[in-house]
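As they're listed, the protein sequences go chains H and B. Residues in the first sequence are numbered consecutively from 1, following full-length UniProt numbering. Residues in the second sequence are numbered consecutively from 1, following full-length UniProt numbering. Have a look at the structure below, then the notes.
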Amino acid sequence: MSQPSQAEIRNRLLRVLPKCDFALLAPHLQAMPTELRQVLITPQEPVRYLYFPESGFASITTQGSSGRVEIGLVGREGLVGASPLLLGADRTPFAHFIQGAGEVLCIDRAAFCAAVDESASLRRLLLRYVQIQLIQTAQTAFVNATYSLEVRLARWLLMCQDRTDGDELAITHEFLSLMLGAQRSSTTLAVQALEGYRLIRARRGRITVLDREALEAAADDGYGVPEAEYARLIEGA
Amino acid sequence: MPRYYFHLRHRPGPEGLAVDEDGDDLPDLDAARLHALAVARDTIARTRTDIVRDWFVCAFEITDEAGRHLLTVPFSDTVPDEVP
């Protein structure tokens with residue numbers, strides 16, 4: 001199978017790597033299509049593969065007695081499996097599964113670890129991404145404790161759109177409820193509110209962002225901190 | 001198992017109904033009522049929204065798959081009647 005060329009890669013971490021670091025990973029990257037609900041990492045089982053999303057996105061969720069709630073989102077800006085392996089763990093308590101179908105570049109754990117052991121600059125860049133994931137999780141805690149469901153929905157839709165091409169997001173209310181940790185009926189209310197403000201249009205299983213700028217205003221301080229840190233730490237903005 | 005739809009009534013008129021398009025499979029209407037009460041309790045306890053200021057004016061309007069109205073469960077039913 002031919003190796004992906006760096007210029008054609010859409011994953012933002014892989015794109016910013018210096019050529020020598022990319023060359024350490026490239027021979028081991030396998031393109032793989034993903035489908036909705038596909039499990040990438042099972043809780044408390046050794047992580048065998050890591051995944052650089054090229055398109056679509058994965059959710060990190062925690063399962064409690066009262067249901068499942070999303071605690072993280074990873075798309076083409078990230079690497080699924082980065083946190084446990086780079087921080088010296090072999091497994092994680094959280095499920096990682098596909099919420100938006102697309103394509104990932106898959107890498108075997110041993111090949112990945114050998115590459116980061118060989119290159120300090122590769123390890124540093126990927127650890128910076130782990131830092132951004134920590135910030136994203138902290139931001140989720142802040143937003144969940146502080147803001148109304150409408151603000152939380154606006155933030156999540158912006159995060160989704162950042163990981164998608166175009167204005168149209170394929171999302172059911174059931175998924176939205178999982179993302180927001182809310183009852184389905186409350187989620188429907190929040191969707192109606194943002195529709196009422198003309199920020200989005202919702203059709204069955206599909207949400208269109210009509211006014212990105214106004215949606216960012218509606219998300220208030222809930223959106224933007226991890227995104228700005230990503231630009232600064234990873235892309236040097 | 002029949003499927004029940006739990007539409008959330010938060011104010012009068014068509015604008016005031018959050019329509020449930022998915023529904024939930026439950027054994028019978030009694031189970032549907034208990035489900036509505038459990039969801040209402042959780043919503044009152046945890047949910048802040050711009051649309052609803054007072055959850056206690058809300059109700060679930062339960063319909064069947066044909067859209068027939070079966071039962072209204074006010075959120076206030078989550079609180080037991082006061083014994084004088």
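Virtual Cβ for every residue (Gly too), placed ideally from N, Cα, C.
Give me whichever residues DSSP pairs with V225/H in a beta bridge. None, per the DSSP bridge assignment.
Three-pair Cβ contact test at 8 Å for the segment 122 to 132 of chain H versus the segment 192 to 211 of chain H: no
Under 8 Å between C-beta atoms, does T61/H make it to chain B? no
Taking C-alpha atoms, which residue in A231/H, R128/H, L14/H lies nearest to D162/H? A231/H
Residues of its chain near R48/H, where Cβ-Cβ distance is below 8 Å and the 5 sequence neighbours each way are ignored: D108, R109
Are the segment 29 to 44 of chain H and the segment 138 to 156 of chain H touching by the rule of at least three beta carbon pairs closer than 8 Å? no
For chain B, find out if any of its Cβ atoms is closer than 8 Å to the Cβ of R206/H; answer yes or no. no
Determine whether the Cβ of T42/H lies closer than 8 Å to any Cβ atom of chain B. no
Please list, in chain order, all residues of the same chain as L87/H whose beta carbon is under 8 Å from its beta carbon, the five residues on each side excluded. V130
Any Cβ of chain B within less than 8 Å of the Cβ of R184/H? yes
Any beta carbon of chain H sitting closer than 8 Å to that of L34/B? no
Give a yes or no on contact between the segment 54 to 68 of chain B and the segment 8 to 28 of chain B, applying the rule of three or more CB pairs nearer than 8 Å. yes
Using C-beta distances below 7 Å, list every residue in its chain close to Q99/H, excluding the 5 sequence neighbours before and after it, in chain order. F57, A58, S59, F175
Quick one: which unbroken beta strand (DSSP E) runs of 3-plus residues sit fully inside the UniProt domain "Cyclic nucleotide-binding" (13 to 124) of chain H? Chain order, please. 30 to 34, 39 to 41, 49 to 64, 67 to 74, 95 to 108
Throw me the rounded Cβ distance for the D20/B and S185/H pair, which I believe falls under 8 Å. 6 Å
Assign L215/H to one of three DSSP states: helix, strand, or coil. helix
Closest by CA to Y4/B, which one among G16/B, E15/B, A18/B, A36/B? A36/B
Along chain B, which residues have their Cβ under 9 Å away from the Cβ of H173/H? D20, E21, D22
Whole-angstrom distance between E77/H and H69/B, CA atom to CA atom: 47 Å
Using a Cβ cut-off of 8 Å, pull out every chain H residue sitting near H10/B, in sequence order please. L189
Between V69/H, T164/H, W156/H, which lies nearest to L194/H when the distance is taken from Cα to Cα? W156/H
Would you verify that the beta carbon of I51/B is, or is not, closer than 8 Å to some beta carbon of chain H? yes
Contact criterion: CB-CB distance below 8 Å. Does E150/H meet it with respect to chain B? yes
Rounded to whole angstroms, what is the Cα-Cα separation between L34/B and L79/H? 42 Å
Amino acids of chain B, ordered along the chain, whose beta-carbon sits closer than 8 Å to that of Q192/H: A18, I51
Out of L24/H, T208/H, R15/H, which has the shortest C-alpha to C-alpha gap to A114/H? L24/H
Taking CB distances under 8 Å as the criterion, tell me whether V39/B reaches chain H. yes
Beta carbon of G102/H, beta carbon of P53/H: below 8 Å? yes
Check the Cβ-Cβ distances between D64/B and every residue of chain H, and say whether any is below 8 Å. no
Chain-ordered chain H contacts of R48/B [CB-CB under 7 Å]: S148, L149
Could you name the residues of chain A that D42/B contacts, counting a contact when the two beta carbons are closer than 7 Å? No chain A is present in this structure, whose protein chains are H and B.
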